[in-house]
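Number of protein chains: 2
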Amino acid sequence: MSKQAERADPGCCAPLAVRPMAVEQAAEVAPMFKALGDPVRLRLMSMIASVPEMCVCDLTPAFELSGPTISHHLRVLREAGLVDSERRGTWVWYRVRPAAFRQLGALLALPASVPAGT
Amino acid sequence: MSKQAERADPGCCAPLAVRPMAVEQAAEVAPMFKALGDPVRLRLMSMIASVPEMCVCDLTPAFELSGPTISHHLRVLREAGLVDSERRGTWVWYRVRPAAFRQLGALLALPASVPAGT
């Protein structure tokens, strides 16, 4: 199993709010949150996640940034295990890794007993 | 309404996978993910979220880090709108901001039609 696939195991993570997180799990998950902690990467992520797959040739024109800068951000997302990529001819295509998304979402789940609060 | 409360509005955010995220929303949410993108802060967050509230005097001994370092990480979490703090006498107490958690969790939700994948 690749390192990315291990990171994306959706069964590994009890919600943050259930019990204190183990050191190893925190080290494994933090890079995924860190990858989302940038506005450009969040927008790239949402563009990719909104469709089955997306060509880098359609991502780059949406930003006022150079191709290499977009490629850098896409590499961060891929290395964090949040997207997969595949080269076909000239272009690279990206798609979301659903298990990674679900793992992060599960971590952020709060028990229903927690009031809405602020 | 405070800046933190605005950020924690749970009604503001369609899931990432529904439509591309607006520039303004990405700029607003990225700091919350960035705050979680550190193993120590993730562990602090899970310790705080596991109980109704927690004293900094119980958080610090759980880490092999100095008091000022722990305080720095707690400040990042607070400034990102993920926790609230309250000083009572000598100690500061922290509690999770449920709306902020729910906002991030909602962003990461995937449509049920998305296959489990890897």
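Taken in order, these protein sequences are the chains called A and B.
Going by our numbering, the first sequence opens with residue 1011, and the numbers climb by one from there.
Going by our numbering, the second sequence opens with residue 1011, and the numbers climb by one from there.
Glycine is no exception: its CB is placed at the ideal position from the N, C-alpha and C atoms.
Residue i at chain A interface by Cβ criterion, 8 angstroms
i	result
V1093(B)	no
G1099(B)	no
G1047(B)	yes
V1039(B)	yes
K1013(B)	Since pLDDT at K1013(B) reaches only 47, below the 50 mark, its modelled position is unreliable, and the value read off the structure follows with that caveat. It does not; no Cβ of chain A falls within 8 angstroms.
S1081(B)	no
V1106(B)	yes
Residue burial classification, residue i (beta-carbon count within 10 angstroms, cutoff 16)
i	result
H1083(B)	buried
R1053(A)	buried
Bridge-paired residues (DSSP) for residue i
i	result
M1064(A)	Y1104(A)
R1098(B)	W1101(B)
V1093(B)	V1106(B)
Within-8 angstroms CB hit, residue i to chain B
i	result
M1057(A)	yes
P1071(A)	no
L1087(A)	no
S1076(A)	no
L1118(A)	yes
M1064(A)	no
V1028(A)	yes
L1084(A)	no
Nearest residue (CA-CA) to residue i, options the options
i	options	result
V1093(A)	P1030(A), A1045(A), A1024(A) and P1025(A)	A1045(A)
V1106(A)	C1067(A), Q1113(A) and V1061(A)	V1061(A)
E1034(A)	D1048(B), A1024(B) and A1040(B)	D1048(B)
A1037(B)	A1040(A), F1043(A), R1051(A) and T1070(A)	R1051(A)
I1058(B)	R1112(B), L1118(B), A1032(B) and W1103(B)	W1103(B)
P1121(A)	M1031(B), R1112(B) and F1043(B)	R1112(B)
T1027(A)	M1055(B), A1027(B) and R1029(B)	Here residue 1027(A) is Ala; the residue named in the question, Thr, does not match the sequence. Among M1055(B), A1027(B) and R1029(B), the Cα nearest to that of A1027(A) belongs to M1055(B).
G1077(A)	W1101(A), L1114(A) and P1030(A)	W1101(A)
A1110(A)	A1032(A), M1031(A) and F1043(A)	F1043(A)
S1095(A)	A1040(A), A1032(A) and E1063(A)	E1063(A)
Any non-hydrogen atom of the ligand ATP within 7 angstroms of residue i CB
i	result
H1083(A)	This structure simply doesn't include the ligand ATP, nor any ligand for that matter.
Report yes or no: do three or more beta-carbon pairs, one from the region 1073–1087 of chain B and one from the region 1058–1077 of chain A, lie closer than 8 angstroms? no
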